[in-house]
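The next block holds one structure in the form of structure tokens; read it before the comments.
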Amino acid sequence: MAQLRRVGREYEQDPDKRSRRISRASVQTFGRLLTYVKPYRGWMTISVIALLFSVALGLVLPLVVQNLVDIVLVDKSMDTLNRLAVVLLIVFIVQAIFSFIHRLSLSFVGERAVADIRIQLYSHLQRLSLKFYADRRTGEIVSRLTNDVTLLQGAVTNDLVALLRQAVTLVGAAVFLFVLDWRLTLVILAGIPVMSLTMVGLGRQIRTASKAVQDALAEAANVVEETTAGIRIVKSFAREAYEIGRFTERVTETFTAAMRRAKISAVLGPIIG
């Protein structure tokens, strides 16, 4: 709650201060976000354990497939082929079960954490000064409480799932490759710093683009709030076409910002896999 009060004060003093700080210290921000996950450590433990087994089995699958190919092309032993096919099926099913447990438990943690954030944020809004509301439009506040938290929900659930899975997969694959051929592994690992720097640069651009999307959504929500609240005035002065044009302009700005973010994400996607 102390963090939320500090966020409120920052918004009152400078609306862009928090955004600038996030761009400078995204790791610290993500660390603060994880404080909402701590109450659900048990579920996180289950998720991580299931992830470890899922990734381990995923690394085993190529070996089983390789043996199947060798048997078909070289040994031509149908009995061994049938046994390995059954093993492959079992490994696939067990991996799917562990993956299901991992995703479900981690999704529970993410959804529960975001629900807690929504409740605390709304409670904090009730305690903010009148100056805060005097300097903000209703549509903007509602957008921050809904759209921004929804974006945060994606970070806690989808991004956290991807982060854990990719980290464990990277470590497991590195160990696996090192056992097979340590020289080739060192050559592959040498390219990681370049990839990391590229990801950091693109990540900053995505954060900037995401902020532009959220700001545009807030403006669009504010137009809806103003028009709905003053619909009698709009009808009286036949301003429907004007309001439609104003809303269309805001939605177009949102679309443009979203496409810029999508282009950057499309470049980043192949790098992180």
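For any residue, its number in the numbering used here is found by taking its place in the sequence shown, counting from 1, and adding 1389.
Even for Gly, the Cβ is constructed at its ideal location relative to N, Cα and C.
In the structure shown, ALA1504 adopts helical secondary structure according to DSSP, grouped into three states. In this structure ALA1502 is buried. Its beta-carbon is surrounded by 16 or more other beta-carbon atoms within 10 angstroms. Assigned with DSSP and collapsed to three states, ARG1526 falls in coil, not helix or strand.
Sequence-distant partners of GLU1529 (beyond 5 residues in either direction) whose C-beta falls short of 6 Å from its own C-beta, in its chain, are ALA1607, ASN1611. Here DSSP, grouped into helix, strand and coil, assigns VAL1426 to coil. Residue environment analysis places TYR1429 among the buried positions, since at least 16 neighbouring C-beta atoms fall within 10 angstroms of its C-beta. Taking the Cα positions, GLY1499 is about 19 Å away from VAL1557. With three or more CB-CB distances shorter than 8 Å, the stretch 1612-1622 counts as touching the stretch 1633-1640. Taking 8 Å as the cut-off, the Cβ atoms of VAL1538 and ARG1516 do not count as close. By the 16-neighbour rule on beta-carbons within 10 angstroms, TYR1631 is exposed.
A direct Cα-Cα distance of roughly 8 Å separates ARG1533 from GLN1603. By the neighbour-count definition (other C-beta atoms within 10 Å, threshold 16), PHE1489 is an exposed residue.
In the three-state reduction of the DSSP assignment, ARG1650 falls in the helix class, which pools H, G and I.
Cα atoms of SER1443 and ALA1551: separation of roughly 13 Å, rounded to the nearest angstrom. Of the residues LEU1569, LYS1427, THR1597, the one whose Cα lies closest to the Cα of LEU1495 is LYS1427. Per DSSP, ARG1628 lies in no alpha helix (DSSP H) segment and is marked neither H nor E. In summary, ILE1653 is buried, with 16 or more beta-carbon neighbours lying within 10 Å of its beta-carbon over all protein chains present. In the same chain as ALA1647, and ignoring 5 residues on each side of it, the C-beta atoms closer than 7 Å to its own belong to VAL1602, in chain order.
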